[in-house]
Amino acid sequence: MTIFVRIVVDVMLPLFLLIGAGAYLHRLFHFDMNTLSKITTYFLLPAVGFVNVYESDMKSDVLFDVFFFLVLQAGTLIVLSAMMAKWLRLDRSLGATFQNTIVLNNSGNFGIPVSQLVFRDEPLGLSIQIVVTIFQNFLTNTYGLFQFISASENKGKMSREFFKNPIIYALILGVICRLFHISVPTFIWQPLTHVADAFLTIALLTLGAQLAYMNIKQIPRLMFVTIGSRLILSPMIAFLIILILHIKGTTAQALLIASAYPCSRNTALYALQYNHHPEYAAQAVFLSTLLSPLTVSGVIGLARVYF
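Residues 761 to 1067, numbered by the numbering used here, are exactly what the sequence shown covers, in order.
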């Protein structure tokens, strides 16, 4: 119960305050959603991607196990979500959004605070979560971005659109600078960190604006499949992979908990940018985040007891 209350107070309330502010301000001032989307996608997101990769300590004795687990779990979710989309006969546009809401999770502004709470006396747990966040950043801006672009009507421009997105180059540059210990000059680093700090606020305000006119009474049945897959199926798959790989202790706990986070807010941002059912994506993020204190708390309890 203590973990549940801490998640709600320390993680959920700040998120929903910003989301609520975005919804209220959009109703008051009628934001230009296209401008907000482009600022987030082409300016804020590349900065936060570079800073996260550059600042993270990716050296760890368990890095190989963590990476192998993440590849297996993501691959399993990608295959299963594709099969579900085909079985449900979703069109390419809705299918892309549906798959991304299942495969991609909010490991950054949700996952890191939760890990700080759960593993406050075990630094390894937080280090693993940072690796998970970096992996999710790459997955979101490669697989996730490719899904949305490939679902566009003009597929001839798919590769051009993909390589035009600056987040790809920001992540690659961050890895290069990290691996070769290239220092970033202060006059560049300071503006970068200021922009990265602004990302969370603007992203959540944008999400709130997307939700401003959402009709909660009209939740499509498909949403239950999305939320169930993200909050329940994903940790079940993670649990089986952990057992198969014989991962134990804090590493097993951190990976299981990291698999249970709600839908990624970046899915809603990209859905808005490429106009692939942005209302559905925003609903998925909102509702999965709203329900996540219950499911994440349950997964934390299972991880503590079993591992």
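All C-beta atoms in this analysis are idealised placements derived from N, C-alpha and C, irrespective of residue type, glycine included.
1. Check this for me: beta carbons of G782 and L967, under 8 Å apart or not?
2. Assuming I767 and V1056 make a contact with CB atoms under 8 Å, what is their CB distance in whole Å?
3. To which residues of the same chain is F895 closer than 6 Å at the C-beta, ignoring the five residues directly before and after it?
4. Grouping DSSP H, G and I as helix and E and B as strand, with all else coil, what is N865?
5. In angstroms with no decimal places, state the Cα-to-Cα distance between V955 and E815.
6. Please list the terminal residues of the continuous alpha helix (DSSP H) segment that includes M996.
7. Just the C-alpha distance for T1010 and T893, rounded to the nearest angstrom, thanks.
8. Look at F834 and V808 and say whether their C-beta atoms are less than 8 Å apart.
9. Which whole-angstrom value is the C-beta distance of I927 and L804, which I expect to be below 8 Å?
10. Taking the alpha-carbon of M732 as reference, which of F828, F984, L1054, I1007 has the nearest alpha-carbon?
11. For the alpha helix (DSSP H) that G1058 lies in, which residues bound it at each end?
12. Buried or exposed: which applies to V769, given that a residue is buried once 16 or more other Cβ atoms fall within 10 Å of its Cβ?
13. Taking Q1013 as part of the alpha helix (DSSP H), name the residues at either end of that continuous run.
14. Residues in its own chain within less than 6 Å of S989 by CB, not counting five upstream and five downstream?
15. For T801, which residues from the same chain have a beta carbon less than 8 Å from its beta carbon, with the 5 sequence-adjacent residues on both sides left out?
16. If H1037 and T836 are in contact, beta carbons under 8 Å, what's the gap, nearest whole angstrom?
17. Measuring CA to CA, which of I1002, F789, S1024, A911 is closest to D825?
Judging by the given coordinates:
1. In the sequence shown, residue 782 corresponds to position 22, counting from 1. In the sequence shown, residue 967 corresponds to position 207, counting from 1. A contact, by the Cβ cut-off of 8 Å.
2. For the purposes of this step, residue 767 is identified with residue 7 of the sequence shown, where counting begins at 1. For the purposes of this step, residue 1056 is identified with residue 296 of the sequence shown, where counting begins at 1. Confirmed, Cβ separation roughly 6 Å.
3. Here residue 895 is taken as the residue at index 135 of the sequence shown, counted from 1. Hits under 6 Å: L830.
4. Mapped onto the sequence shown, residue 865 falls at position 105. N865: strand per DSSP, three-state reduction.
5. Here residue 955 corresponds to residue number 195 of the sequence shown, with the count starting at 1. Here residue 815 corresponds to residue number 55 of the sequence shown, with the count starting at 1. Using only the alpha carbons, I get a separation of about 15 Å.
6. Taking the first residue of the sequence shown as 1, we reach residue 996 at position 236. M996 -> alpha helix (DSSP H) spans 994-1005.
7. Working through the sequence shown from its first residue, we reach residue 1010 at position 250. Working through the sequence shown from its first residue, we reach residue 893 at position 133. Using only the alpha carbons, I get a separation of about 17 Å.
8. Numbered from its first residue, the sequence shown carries residue 834 at position 74. Numbered from its first residue, the sequence shown carries residue 808 at position 48. It is worth fixing the name first, because residue 834 is Ala in this sequence and not Phe. Against a cut-off of 8 Å, the Cβ pair of V808 and A834 comes out as no contact.
9. Sequence index remark: in the sequence shown, residue 927 carries index 167 (1-based). Sequence index remark: in the sequence shown, residue 804 carries index 44 (1-based). Not quite, the Cβ-Cβ distance comes to about 10 Å (not below 8 Å), so this is no contact.
10. Because the chain is modelled from 761 through 1067, residue 732 falls outside the range shown and cannot be assessed.
11. Here the question's residue 1058 lines up with position 298 in the sequence shown. Run containing G1058: 1038-1066, per the alpha helix (DSSP H) assignment.
12. Start at 1 with the first residue of the sequence shown, and residue 769 comes out as number 9. It counts as exposed.
13. Residue mapping note: residue 1013 aligns to position 253 of the sequence shown, counting from 1. Looking at the DSSP string, the run of the alpha helix (DSSP H) that includes Q1013 is 1009-1018.
14. Translated into positions along the sequence shown, residue 989 becomes position 229. These residues qualify, in order along the chain: I862.
15. Your numbering for residue 801 matches position 41 in the sequence shown. These residues qualify, in order along the chain: N925, I927, L1029, Y1030, Q1033.
16. If you number the sequence shown from 1, residue 1037 lands on position 277. If you number the sequence shown from 1, residue 836 lands on position 76. 24 Å between Cβ atoms; not a contact.
17. Taking the first residue of the sequence shown as position 1, residue 825 is located at position 65. Checking every option, the nearest Cα to that of D825 belongs to I1002.
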